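**Student:** Input: one structure, supplied below.
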Amino acid sequence: MAQVQAKPGVPASRIAREPASVTSLAQPTPQSNPDPSLNGVEMTGAEAIIRSLENAGATDVFGLPGGAILPTYDPLMDSTRLRHILVRHEQGAGHAAQGYAHATGKVGVCIATSGPGATNLVTPIADANMDSIPLVAITGQVGASMIGTDAFQEADIVGITAPITKHNVLVTDAADIPRAIAEAFYIASHGRPGPVLVDIAKSAQQATTTFQWPGRIELPGFNSGARPHHKTVQEAARLLATARRPVLYVGGGVIRSGASAGLRKLTDLSGAAVVTTLMARGALPDSHPQNLGMPGMHGTVPAVAAMQKADLIVALGARFDDRVTGALSSFAPHATIVHADIDPAEIGKNRAVDVPIVGDLKEVFEALVPALAEEHVKHGKPDLEAWWAQLDDWRTTYALGYTPTKDGLSSPQHVIQRLGQLNDPEQTIYVAGVGQHQMWASQFIKYEHPNTWINSGGLGTMGFSVPAAMGAQVGMPDKQVWAIDGDGCFQMTNQELVTCAINEIPIKVAIVNNSSLGMVRQWQTLFYNERYSNTDLHTGHGTRRVPDFVKLADAMGCVGLRCESDADVDATIKRANEIDDQPVVVDFTVSRDAMVWPMVAAGKSNDEIQYAHGIAPQWDRED
């Protein structure tokens, strides 16, 4: 079955001492609820798909029927345990399953037919793969005898998705359906989470089989997460106990593993500075005094400077992404690197590592916190007073902020900041699209809890926000879900608002409408001599609004609101929050000239960060 291969560039010597598990046991997923009375019952393959999804613990699925998956949609109609949400586009089904998985921690499920239905799932599958989201995609395929004949709506979706799935499989025998789906849920949710695709021939769906749910799953070679090695944990603890400029570099793996409590313990005990990446916002409360915010291309100056000046970086579920490191050759030049990750292929992939720790971060923290306490007994607690004096000076001097707009329109930063301030951080989930509004949402909203910030990080998928917010709302119906979107992103997937209206999924959408492809326009301003080639969207600046988002919202069964001045921002947000029985779309008309700062230009060293346009922070870059 699933064969795990190391990625190129990973030194085998660095991971050999961390043994991989070879057998996974009994229950396929923590959410599973198998019905033993089904074993031995004759049914069609289509019925087996539905019963298998129920056994695996799925309760909500997002999909769109078509010819090759049609046999499965018939027994789906009779299921009392599955809620199917009919989307308007398969991409919406995939992103909704992602949002559901991110918000709940459970496996998200999407269903599509063959050919174009399946290929419309490629983007969300790739997105889930980059951001380690547990996702199971069920796709129909043409009948087994027709595979390879270029039959109507045939596409080799297994071949297409091979590079972007954790595992995928084509099922042509109805008897194999229960095991294939059980394994899919297990693989998606164990070890480093990720997407799994199960492609099922129409002939297998129509055939009769005897249902048999596997009581035990055998996956030789599958790494479900080795226990962290004692010696590497002890060495990491020794380094943390003796470093003078330590930084905990926290990535999305802390969120995925549900390890925020362990991170808090390590943070408090170590006294180290903490930076939380785009995918890790909320892993440690922003209010924690040791949290310097987000590092990287649009990170805070203190976070970027701390990593550049650190003598020790402990990377926790992070992957040394280029958006964090800038030019890798100049990243953190003086730092010893400890890297803890559940995926051994990430260790040493981008940055050479001095101390590798392979394991689930919950277990890493369980071992590292007491080991650090022991090292404090041996060495005493490190003197970090000078380090924190420098960090606090950077925090004071280079605090996040923004300047008033020159055109009199609202500042997008102000709109987003007020969204955060007027909503309960414990009861609100924010889901962003991709671009300037995504960066501002990561900067100006304070995140106090994990799983309250959802966005497309690694793939950077425009159009992510609305369907992902829909999925998050389905998974967490008692939470308030705000989708923060740009006018460009919104026009890619807003049809899912129809899905929300019909299914009474009351998400709220804040369109940060600068009438532009904002991030592209920012780059054109900075690097292309203000030559604005094909970035004007005509959605709000001028006499015509094409489209008029308020009218569009109304046409789709939602409440449409518009806000055109700072004076109305608070009242508009409060009005949107009062509506809880249908989706709300708010068109915030903002300045198109606002830019995201700080910024490290692509390919440049983090030492070249700009605090604002033409302003570089002044710190001693020579030790």
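The sequence shown begins at 1 in UniProt numbering and counts up one residue at a time. In this text, a Cβ means the ideal position worked out from N, Cα and C, and glycines have one as well. Computed from a prediction, not measured in an experiment: that's the story for all the values here.
From T149 to F185, what distance separates their C-alpha atoms?
**Tutor:** Roughly 31 Å separates the two Cα atoms.
**Student:** Have a look at A112 and H84 and give me their C-alpha separation to the nearest angstrom.
**Tutor:** Using only the alpha carbons, I get a separation of about 12 Å.
**Student:** If contact is defined by three or more beta carbon pairs under 8 Å, each pair taking one atom from either stretch, is the region 482-495 in contact with the region 530-548?
**Tutor:** Contact holds: three or more Cβ-Cβ distances are below 8 Å.
**Student:** Please say whether G262 and residue 633 have beta carbons closer to each other than 8 Å?
**Tutor:** Outside the shown range of the chain (1 to 623) lies residue 633, about which nothing can therefore be said.
**Student:** For W213 and G40, what's the separation of their Cα atoms in angstroms?
**Tutor:** Roughly 9 Å separates the two Cα atoms.
**Student:** Kindly say whether P75, judged by its beta-carbon, lies nearer than 8 Å to any beta-carbon of chain B.
**Tutor:** Among the protein chains of the structure shown there is no chain B, as only one such chain exists.
**Student:** Return helix, strand or coil for F185, following the three-state DSSP convention.
**Tutor:** In the structure shown, F185 sits in a helix (DSSP, three-state: H, G or I).
**Student:** Suppose contacts are defined by Cβ-Cβ distances below 8 Å. Is Y447 in contact with R281 by that definition?
**Tutor:** It is a contact, given that the beta carbons lie within the stated cut-off.
**Student:** Below 8 Å, how does it come out for the region 368-377 and the region 237-257: are there three or more Cβ pairs, yes or no?
**Tutor:** The region 368-377 vs the region 237-257: in contact.
**Student:** Here's the rule I'm using: 16 or more other beta-carbon atoms within 10 Å means buried, otherwise exposed. How should R216 be labelled?
**Tutor:** The residue is exposed, with fewer than 16 neighbouring Cβ atoms inside 10 Å.
**Student:** Identify which residue in G194, S189, A126 and V142 has its Cα closest to the Cα of I164.
**Tutor:** It is A126 whose Cα lies nearest to the Cα of I164.
**Student:** Taking the straight line between their C-alpha atoms, what separation do you get for A318 and H541?
**Tutor:** Approximately 40 Å, taken between the alpha carbons.
**Student:** Per the contact definition of three or more C-beta pairs closer than 8 Å, is the region 480-489 in contact with the region 513-520?
**Tutor:** Yes, the region 513-520 touches the region 480-489.
**Student:** Take V338 as the anchor and find which of E363, D321 and L312 has the nearest alpha-carbon.
**Tutor:** Ranking the options by Cα distance to V338, first place goes to L312.
**Student:** Going residue by residue through the UniProt domain "Thiamine pyrophosphate enzyme central" (233-368), where are the continuous beta strand (DSSP E) segments of at least 3 residues, counting only ones entirely within it?
**Tutor:** As far as the UniProt domain "Thiamine pyrophosphate enzyme central" (233-368) is concerned, its whole beta strand (DSSP E) runs of at least 3 residues are 246-250, 273-276, 312-316, 336-341 and 355-358.
**Student:** State the DSSP-derived secondary structure class of Y73, mapped to helix, strand or coil.
**Tutor:** Helix, per DSSP.
**Student:** Based on the DSSP output, what are the partners of L135 in its beta bridges?
**Tutor:** L135 pairs with G108 and P195.
**Student:** Keeping to the same chain, check which residues put their C-beta closer than 6 Å to that of V304; ignore five residues upstream and five downstream.
**Tutor:** Contacts found: P295, N606 and I609.
**Student:** May I have a chain-ordered list of the alpha helix (DSSP H) segments no shorter than 4 residues that lie completely inside the region 28-73?
**Tutor:** You should have 45-55.
**Student:** Give the list of continuous beta strand (DSSP E) stretches no shorter than 3 residues that lie fully inside the region 450-536.
**Tutor:** The qualifying runs are 480-486 and 508-513.
**Student:** Name the residue from N513, A243, D424 and L70 whose alpha carbon lies nearest to the alpha carbon of V546.
**Tutor:** The shortest Cα separation from V546 among N513, A243, D424 and L70 belongs to N513.
**Student:** In terms of DSSP beta bridges, what is L86 paired with?
**Tutor:** DSSP lists G63 as partners of L86.
**Student:** For M599, which residues does DSSP report across the bridge?
**Tutor:** Paired residue(s): Q610.
**Student:** Hey, M462 and V498: beta-carbon distance below 8 Å or not?
**Tutor:** No, they are not a contact pair.
**Student:** Under the three-state reduction of DSSP, which class applies to S565: helix, strand or coil?
**Tutor:** It is coil, neither helix nor strand.
**Student:** Among the residues of its own chain, which have a CB less than 6 Å from the CB of M439, if the five just before and after it don't count?
**Tutor:** Only H298 and V596 meet the Cβ criterion.
**Student:** Could you give the uninterrupted runs of the beta strand (DSSP E) lying entirely in the region 572-599, keeping only those of 3 residues or more?
**Tutor:** Within the region 572-599, the complete beta strand (DSSP E) runs of at least 3 residues are 584-589.
**Student:** From the DSSP output, which residues share a beta bridge with L170?
**Tutor:** In DSSP, L170 forms a bridge with D199.
**Student:** Taking residue 688 as the reference, give the member of E426, A144, A315 and V107 with the closest Cα.
**Tutor:** The shown model of the chain, from 1 to 623, leaves out residue 688, and the question about it has no answer.
**Student:** Roughly how many angstroms separate the alpha carbons of Y611 and E183, rounded to a whole number?
**Tutor:** Y611 and E183: Cα-Cα distance of roughly 48 Å.
**Student:** Check the C-beta distance from T123 over to Q98 and give it rounded, since I have them as a contact under 8 Å.
**Tutor:** Between Q98 and T123 the Cβ distance is about 10 Å, and since that is not below 8 Å, they are no contact.
**Student:** Once DSSP output is grouped into helix, strand and coil, what is the label at Y447?
**Tutor:** Of the three classes helix, strand and coil, the one that applies to Y447 here is coil, per DSSP.
**Student:** Assign G159 to one of three DSSP states: helix, strand, or coil.
**Tutor:** Note: G159 maps to helix in three-state DSSP.
**Student:** Answer with buried or exposed for Y73, where buried requires no fewer than 16 other C-beta atoms within 10 angstroms of its C-beta.
**Tutor:** So Y73 counts as buried.
**Student:** If you draw a straight line from the C-alpha of G560 to the C-alpha of A553, how long is it?
**Tutor:** Their backbone Cα atoms lie some 5 Å apart in a straight line.
**Student:** If you run the structure through DSSP and keep just helix, strand and coil, what is A101?
**Tutor:** It is helical.
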